[in-house]
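Single-structure report; data block below.
In the numbering used here, the protein residues as written are 62 to 277.
Structure, rendered in structure tokens:
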């Protein structure tokens with residue numbers, strides 16, 4: 062039984078239509094449909110779906126273990142103490158599409174998934190860093206090319222925060238430090254070889270960087 066089959070099996074066992082499951086779980090109906098058709102083999106909504114359907118998240122994700130979330134709970138509570146949330150890793154071009162329609166973004170379109178810390182928005186994504194405009198030759202903070210940053214659209218873009226902004230008339234995004242001074246705003250690269258960009262209606266801030274990771 063595939064992932065989509067397990068979801069359909071659990072949904073019909075509860076007597077839910079796809080739309081009813083969407084309303085109960087908060088997961089977009091389009092995402093549920095993609096999973097059941099087999100177009101999406103993983104989802105960051107697994108926990109929400111499993112709770113709405115009263116099945117084990119592990120069973121829903123992998124098909125292994127008991128279907129019931131309460132089976133053997135007394136014997137091994139540690140197995141259920143922490144559910145690992147994830148977010149998709151996407152490219153700059155994909156991020157441009159995500160920025161235009163966060164609610165419509167499908168986690169299955171991600172290249173891969175990585176875990177995120179507790180409290181991270183379900184709309185967050187990991188973004189691959191391209192270019193050296195955020196490489197600081199003077200030390201930290203520095204975000205080198207090849208690293209990935211966790212971008213949360215639900216955090217406030219305060220002065221001094223690292224943000225991701227979508228440029229007008231472009232399908233890509235840029236990662237910069239937000240500088241606010243005397244009512245004016247700039248996007249500042251950490252690499253002084255690159256110029257600052259004044260925000261004057263030419264871009265939209267779509268998320269705040271929460272974490273950086275780099276795989277050697």
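Backbone N, C-alpha and C fix where the C-beta goes; we use that ideal spot for every residue, glycine too.
Just so you know, these numbers come straight off a predicted model, no measurement behind them.
Outcome for residue i when other beta-carbon atoms lying within 10 angstroms are tallied against a minimum of 16
| i | result |
| --- | --- |
| residue 231 | exposed |
| residue 270 | buried |
| residue 243 | exposed |
| residue 73 | exposed |
| residue 161 | Confidence is the limiting factor: at residue 161 the pLDDT is only 41, short of 50, which leaves the residue's position unreliable and the question unanswerable from this model. |
| residue 123 | exposed |
| residue 275 | exposed |
| residue 146 | buried |
| residue 11 | Missing from the structure shown is residue 11; the chain here goes from 62 to 277 and no further. |
| residue 101 | buried |
| residue 245 | exposed |
| residue 78 | exposed |
Nearest candidate by alpha-carbon position, reference residue i, set the options
| i | options | result |
| --- | --- | --- |
| residue 277 | 110, 205 and 125 | 205 |
| residue 69 | 98, 85 and 194 | 98 |
| residue 268 | 193, 215, 256 and 121 | 215 |
| residue 188 | 118, 258 and 149 | 149 |
| residue 190 | 121, 113, 225 and 63 | 225 |
| residue 222 | 127, 272, 208 and 264 | 272 |
Nonlocal neighbours in the same chain, by C-beta distance under 7 Å from residue i, ignoring five residues either side
| i | result |
| --- | --- |
| residue 132 | The predicted model places residue 132 with a pLDDT of 44, which falls under 50 and marks its position as unreliable; any figure quoted below should be read in that light. Counting only Cβ-Cβ distances below 7 Å, and skipping sequence neighbours, we find nothing. |
| residue 87 | 109 |
| residue 126 | 117, 119 and 120 |
| residue 107 | 118, 121 and 122 |
| residue 247 | 240, 257, 258, 259 and 260 |
Spatial neighbours of residue i in its chain, beta-carbon cut-off 8 Å, leaving aside the 5 residues before and after
| i | result |
| --- | --- |
| residue 252 | 193, 194, 195, 196, 197 and 198 |
| residue 256 | 250 |
| residue 142 | Because the pLDDT at residue 142 is just 33, under 50, the model does not fix this residue reliably, and the value given afterwards should be weighed accordingly. Once the five neighbours on either side are set aside, residue 142 has no close Cβ partner at all. |
| residue 181 | 146, 148, 211, 213 and 271 |
| residue 80 | 90 |
Proximal residues to residue i (C-beta, below 6 Å), its chain only, five neighbours per side dropped
| i | result |
| --- | --- |
| residue 114 | 71 and 75 |
Sub-8 Å separation of residue i and residue j beta-carbons
| i | j | result |
| --- | --- | --- |
| residue 83 | residue 96 | no |
| residue 229 | residue 263 | yes |
| residue 212 | residue 186 | yes |
Residue i - partner residues in DSSP beta bridges
| i | result |
| --- | --- |
| residue 147 | 176 |
| residue 273 | 210 |
| residue 223 | 238 |
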